[in-house]
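> Just so we're aligned, residue -11 is where the sequence shown starts under the working numbering, counting upward by one.
Using N, Cα and C, we set each Cβ at its ideal position, and we do this for glycine too.
The structure displayed is predicted, hence computed values, not measured ones.
I'd like to ask some things about the structure below.
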Amino acid sequence: MVWELKTSSFNPYYKSYLGNGYIGIQTSQDGTGAYFKVRSFIAGIYDGEYERLVEIPRWSGVKILDDRGFHPFIDLSRIKNYQQTLNFRNAFLYTKFSWINEKGVIDFNIRFFVSRADPHVAVILYSFTPHYDGIITLETYLDTLGLKNLEVNEYGWNEGNIWLEVSTSLSKIKIAQANKIVSNIDLVEHRSEYLSNDGKDVRLKLSFNVKKTENYVFYKYTTFYTSLEVSNPLRKALEKMNECIGKGYEKIYWEHCREWEKIWERDILVDDEDLQYKIHSCIYHLISSVRENQNHSIPPMGLSNDGWGGHIFWDADFFMFPALILIYPELAKSIVLYRYRTLEAAKANARRMGFKGACYGWQTASTGREVSRGGVSDEIHITGDVAWAQWQYYLATGDEEYLRRYAAPIIIETAKFWVSRVTYNFEKDRYEILKVVPPDESIYERWGLKTIDNSAFTNAIAKWNIMTAIKIYKMFGEKPPEKWVEIADKIYIPFFDEKLKIVLEYDGYNGHLIKQPDVMEMVYPLEYLTDKKEIERNFDYYIEKADRELGHSFFPTIHTIVACRLRRRNQTYKIFSEWNEYFLPPFNVVREILANTEGIVFLTAAAGFLQD
């Protein structure tokens, strides 16, 4: 069955996550996050001067205690028959184990999902069967302890409900959560206790007698709203909770599964079982961080973590977008519409830099302003990357209304930026782009160069951007600015010499190891280099320059496709096989670099693998 990955061990355990494009939460060995730390994030909730994705109050944990106050994971040697399953088809985490305590054995079964049908709902089915008579305490909570950038507005409880509303410190976004546990049986002589630590957390403890071999089933519902969607998020969260109780677990779960079934109607199918597992894992992880018609794009780690601030980079437009557009164009559209929504911020960024048109920030968040440290970045190739994705959306869908309303304004405004950003070299009669950071960031990370001149990739995508804008003018029956044709024609791409025709990564490149395959990205996906012999010369040269110790996932992403285009069957297979080192147990999360031994959910690499 190529829809599930299982583990029967607590280690190694590289966290996956559950998500629906609105909210994401990390997986944990205990099944709910009660005893192993997990983090949760809502798309678009940023705070701070440089807008970091905010970790929301902890909400998923279900704690269980015996009559001595001990819990199952206080001593892992007492856990037997442990197994955890991540089901990609229906997007749920299933955990089962037996706990041997001083009185006997308790068998646990836990199913956890974040609803794809209703993004504001998450549900945990928590069942256990004791093999002795005794007293059990069940605890659920909403918890802000130790979290930054959050201020408590309101908290409370009644009739089994607990709720909490917080605001982010600077952006003042309200985040409301409601939580309730419902049982399918009548609990005899149960006792409920509500606790709070000055509103920093809200807890419900439920103590009751249990009987030998009786199955106890609890449904934990959690609802979420923010002031980005509604004016009174707490009221909406409580209303949604009542709706959940009215629907019941089975209907909510069925609706969730139905939405994932719709997703899997479009799939990538292969004959190799191991490869199919990897494909389904990558699709699952990528889809879990994007929704149709959402206002946000996808950070490199999606909703699984706040790495790189949870900011939006070129990763979304240049790597994730191509993986989505042919199979899930309605989801890919969220990526390109985010750039239209933030076009005015890109124009303001260009003006602030002293240029015309629109220059997209290297790192952006909710508003589209540049949120790189210091508020400025020279990694301006992203402006062309954004324009490229807009044009690709039009080519893939043929949506002329989208082209006129959204893509054309972006492509033309970004072309205006490049036209104002180039520098004319009178002596050599060419246009250059000076003082930039190329995609290969090793120029300053390893070689101490703050900027370089004439990044081959940056110049190539700038040239492409201007030429495509000219094409759009002509498509609309309008005359493009006369100077644009000359500039596009004369933008300089550095070479070693005219005989070898090997593209220099940048002016003065001396053959050092590279972090990313800039020149090969001119072959794919940019398709600037198209001559087979020229591609071969550059490919054979730069594949030897890849920093193998660092082992960035961009190398197998790009090199596999280029080798395939060159019809080098054995080399293609060898490069593609390098991906095996990037997938981490137990759920095939993909890491960014081989040097990263901690493991992260790096969606850019997952998207790259899907393209391969």
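Short of 6 Å in beta carbon distance, which residues of its chain neighbour I581, apart from the five on each side in sequence? Order them along the chain.
By one-based count along the sequence shown, residue 581 stands at place 593. Counting only Cβ-Cβ distances below 6 Å, and skipping sequence neighbours, we find L538, G539 and H540.
> Check this for me: beta carbons of D428 and D528, under 7 Å apart or not?
In the sequence shown, counting from the first residue as 1, residue 428 sits at position 440. In the sequence shown, counting from the first residue as 1, residue 528 sits at position 540. No, the pair does not count as a contact, with Cβ atoms beyond the cut-off.
> Would you mind listing the beta strand (DSSP E) stretches within the segment 369 to 443 that are 3+ residues and don't spill past its ends, in chain order?
Those beta strand (DSSP E) runs which fall completely within the segment 369 to 443 and span 3+ residues are 411 to 413 and 418 to 420.
> Answer with buried or exposed for M289, where buried requires no fewer than 16 other C-beta atoms within 10 angstroms of its C-beta.
Counted from its first residue, the sequence shown places residue 289 at position 301. Its Cβ being crowded by 16 or more others within 10 Å, M289 is buried.
> Quick check for students: name the residue ranges of the alpha helix (DSSP H) that lie wholly in the segment 284 to 369, counting only runs of 4 or more.
As far as the segment 284 to 369 is concerned, its whole alpha helix (DSSP H) runs of at least 4 residues are 309 to 313, 317 to 329 and 331 to 341.
> For E280, collect the residues of the same chain with a Cβ closer than 7 Å to its Cβ; drop the 5 residues on either side in sequence, then sort them by chain order.
Translated into positions along the sequence shown, residue 280 becomes position 292. Counting only Cβ-Cβ distances below 7 Å, and skipping sequence neighbours, we find E318, L319 and S322.
> Distance check for T330 and F597, CA to CA, integer angstroms please.
Counting from 1 along the sequence shown, the entry for residue 597 is found at position 609. Counting from 1 along the sequence shown, the entry for residue 330 is found at position 342. Rounded to the nearest angstrom, the two C-alpha atoms are 29 Å apart.
> Over what stretch of residues does the beta strand (DSSP E) that includes C97 continue unbroken?
Translated into the one-based positions of the sequence shown, residue 97 becomes position 109. In the sequence on display, residue 97 carries Asn and not Cys. Segment V93 to V102, the beta strand (DSSP E) holding N97.
> Take A444 and list the residues in its own chain whose beta-carbon comes closer than 7 Å to its own, dropping the five residues that flank it on each side.
Sequence index remark: in the sequence shown, residue 444 carries index 456 (1-based). Once the five neighbours on either side are set aside, the close Cβ partners of A444 are I481, P482, V491, L492, E493, Y494, D506, V507 and M510.
> Quick check: the Cα distance between D601 and Q165, rounded to an integer number of angstroms?
The structure shown does not extend to residue 601, since the chain is modelled only from -11 through 600, so no value can be given for it.
> For the beta strand (DSSP E) holding L74, just list the boundary residues, first then last.
Within the sequence shown, numbered from 1, the residue matching residue 74 stands at position 86. Note, L74: beta strand (DSSP E), I67 to N75.
> What does a CB cutoff of less than 7 Å around D366 pick up in its chain, not counting 5 residues either side in sequence?
For this step, residue 366 is matched to residue 378 along the sequence shown. Hits under 7 Å: K423, V424, V425 and T439.
> Could you give the C-beta distance for H268 and W(-9), rounded to a whole number, given that I count them as a contact under 8 Å?
Here residue 268 corresponds to residue number 280 of the sequence shown, with the count starting at 1. Here residue -9 corresponds to residue number 3 of the sequence shown, with the count starting at 1. The pair is a contact, with the Cβ atoms about 6 Å apart (cut-off 8 Å).
> Check whether the Cβ atoms of T83 and S48 sit closer than 7 Å, and answer yes or no.
Taking the first residue of the sequence shown as 1, we reach residue 83 at position 95. Taking the first residue of the sequence shown as 1, we reach residue 48 at position 60. Taking 7 Å as the Cβ cut-off, T83 and S48 do not qualify as a contacting pair.
> For W242, report the span of its alpha helix (DSSP H) as first-last.
As a working mapping, residue 242 is identified with position 254 in the sequence shown. Residues Y237 to W252.
> To the nearest angstrom, how far is the alpha carbon of D441 from that of F464?
If you number the sequence shown from 1, residue 441 lands on position 453. If you number the sequence shown from 1, residue 464 lands on position 476. The straight-line gap from Cα to Cα measures roughly 35 Å.
> Just to confirm before moving on: does the CB-CB distance between C347 and T385 stay below 7 Å?
By 1-based counting over the sequence shown, the position of residue 347 is 359. By 1-based counting over the sequence shown, the position of residue 385 is 397. Contact: no.
> Are the Cβ atoms of A534 and F543 separated by less than 7 Å?
One-based indexing of the sequence shown puts residue 534 at position 546. One-based indexing of the sequence shown puts residue 543 at position 555. Taking 7 Å as the Cβ cut-off, A534 and F543 qualify as a contacting pair.
> With distances taken between CB atoms, is the gap from I400 to Q378 smaller than 7 Å?
To locate residue 400, count along the sequence shown from 1; it is residue 412. To locate residue 378, count along the sequence shown from 1; it is residue 390. Going by C-beta atoms, I400 is not nearer than 7 Å to Q378.
> To the nearest angstrom, how far is the alpha carbon of I275 from that of H108?
Along the sequence shown, one-based indexing puts residue 275 at 287. Along the sequence shown, one-based indexing puts residue 108 at 120. Each residue's Cα considered, the two are about 17 Å apart.
> Between T15 and S4, is the Cβ-Cβ spacing less than 7 Å?
Position 27 of the sequence shown holds residue 15. Position 16 of the sequence shown holds residue 4. In contact: T15 and S4 (Cβ atoms closer than 7 Å).
> To test your reading of the DSSP string, which unbroken beta strand (DSSP E) runs of 3 or more residues are found completely within the segment 172 to 242?
The segment 172 to 242 contains these whole beta strand (DSSP E) runs: 179 to 184, 189 to 198 and 204 to 214.
> Taking the alpha carbon of Y2 as the reference point, which residue from R579, A594 and L591 has its own alpha carbon closest?
Start at 1 with the first residue of the sequence shown, and residue 2 comes out as number 14. It is R579.
> Is W376 buried or exposed, if buried means 16 or more other CB atoms sit within 10 Å of its CB?
Translated into the one-based positions of the sequence shown, residue 376 becomes position 388. It counts as buried.
> Restricting to Cα atoms, I'd like to know which of G345, V364, G362 and E332 is closest to T355.
By 1-based counting over the sequence shown, the position of residue 355 is 367. Considering only alpha carbons, the answer is E332.
> Around the Cβ of Y394, are there at least 16 other Cβ atoms within 10 angstroms (buried) or fewer (exposed)?
The count along the sequence shown starts at 1 and reaches residue 394 at position 406. By the 10 Å Cβ count, Y394 comes out buried.
> I'd like to know whether the C-beta of V109 is nearer than 7 Å to at least one C-beta of chain B.
No chain B is present in this structure, which holds just one protein chain.
> Could you say which of Y390, P513, A595 and Y570 lies nearest to T585 if we only look at CA atoms?
Residue 585 sits at position 597 when you count from the first residue of the sequence shown. Closest option to T585, Cα to Cα, is Y570.
> On the three-pair Cβ rule with 8 Å, is the segment 141 to 149 touching the segment 102 to 119?
The answer is no - the segment 102 to 119 does not touch the segment 141 to 149, with fewer than three Cβ pairs under 8 Å.
> Does the segment 445 to 454 come into contact with the segment 401 to 409, if we say contact requires no fewer than three beta-carbon pairs (one atom in each stretch) closer than 8 Å?
Counting Cβ pairs under 8 Å, three or more are found: they touch.
> Quick one: grab the DSSP three-state call for S159.
For this step, residue 159 is matched to residue 171 along the sequence shown. Here S159 sits in coil by DSSP.
> Grouping DSSP H, G and I as helix and E and B as strand, with all else coil, what is L554?
Counting from 1 along the sequence shown, the entry for residue 554 is found at position 566. The answer is coil: DSSP assigns L554 none of H, G, I, E or B.
> To which residues does DSSP link G659 through a beta bridge?
Lying before the first or after the last residue shown, residue 659 is absent from the chain, which here runs from -11 to 600.
> Nearest to A304 by CA position, among I286, I313 and R254, is which residue?
The sequence position of residue 304 within the sequence shown is 316, counting from 1. Ranking I286, I313 and R254 by Cα distance to A304 puts I286 first.
> Taking K188 as the reference, which of I112, L130, R99 and I368 has the closest Cα?
Within the sequence shown, the letter at position 200 stands for residue 188. That would be L130, whose Cα lies nearest to the Cα of K188.
> At what residues does the beta strand (DSSP E) containing G57 begin and finish?
One-based indexing of the sequence shown puts residue 57 at position 69. Note, G57: premise wrong, no beta strand (DSSP E); not H, not E.
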